[in-house]
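Written out below as structure tokens is the structure these notes cover.
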Amino acid sequence: MSSSYIAKLQHYCAYQERSHSEVKYKCLELGLRGEEVDEAIAALVSENFLNEERFARAFAGGKFRSKQWGRKKILAELKQRQVSAYCIKKGMEEIDADDYEQALTTLATKKYESLRGEEPFKRKYKVVQYLMQKGYEQELAQPIVEQIAKDAA
740 MSSSYIAKLQ
750 HYCAYQERSH
760 SEVKYKCLEL
770 GLRGEEVDEA
780 IAALVSENFL
790 NEERFARAFA
800 GGKFRSKQWG
810 RKKILAELKQ
820 RQVSAYCIKK
830 GMEEIDADDY
840 EQALTTLATK
850 KYESLRGEEP
860 FKRKYKVVQY
870 LMQKGYEQEL
880 AQPIVEQIAK
890 DAA
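Using the numbering used here, you'd call the opening residue of the sequence shown number 740 and step up by one each time.
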């Protein structure tokens with residue numbers, strides 16, 4: 740395997756945190772096959788260009804802070820990217836419980852306000868559906884939406 744492949748992969752990993760599956764796909768894109776892919780990934784790991792735990796932490800924290808994704812959506816994305824259970828657990832630790840509840844409340848309030856014309860029951864239902872779509876847990880969203888509706892009444 741030539742060093743130009745490794746240099747390209749190093750640049751790919753240095754640009755932003757990557758999961759092992761993303762790097763494996765990139766190797767295939769570059770024309771590497773079989774053992775070459777494993778060797779390339781091993782080289783990137785040993786040089787600390789590729790670190791699954793670091794990726795999981797950056798991904799979970801980033802998606803929560805920038806896109807206000809909920810835990811369920813982040814978890815599903817990490818699983819889809821074939822991140823190990825241990826690293827997923829470490830990544831989820833990046834989400835502070837107080838910040839999470841604050842983000843959930845803020846999103847719920849904004850969405851509730853945007854649905855002014857709706858009847859109360861339908862309005863609450865739509866807000867909860869929206870929050871679940873963003874990856875928030877129904878058991879957390881429901882009471883917050885109920886409280887917002889009560890406060891607005």
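Beta carbons are placed, not taken as given, at the ideal position from N, Cα and C, and that holds for glycine.
Three-way DSSP call (helix, strand, coil) for residue i in this model
i, result
"I834", "coil"
"E858", "coil"
"Y875", "coil"
"A892", "coil"
Assigned exposure category for residue i - 16 Cβ within 10 Å defines buried
i, result
"K849", "exposed"
"S758", "buried"
"G874", "buried"
"L767", "exposed"
Proximity to residue i [Cα-Cα], best of the options
i, options, result
"N787", "E775, C752, K802, R855", "C752"
"I745", "A779, E774, E756, L771", "A779"
"R823", "G801, K889, E792", "Just to set this straight, residue 823 is Ser in the shown sequence, not Arg. The shortest Cα separation from S823 among G801, K889, E792 belongs to E792."
For residue j and residue i, the rounded distance between their alpha carbons
i, j, result
"E816", "L843", "19 Å"
"Y764", "D837", "37 Å"
"H750", "P882", "46 Å"
"E833", "A799", "7 Å"
"S805", "S743", "34 Å"
Item checked: Runs of alpha helix (DSSP H) lying entirely within the stretch 741-827, each at least 4 residues, in chain order -> 742-754, 759-768, 774-785, 791-806, 810-819
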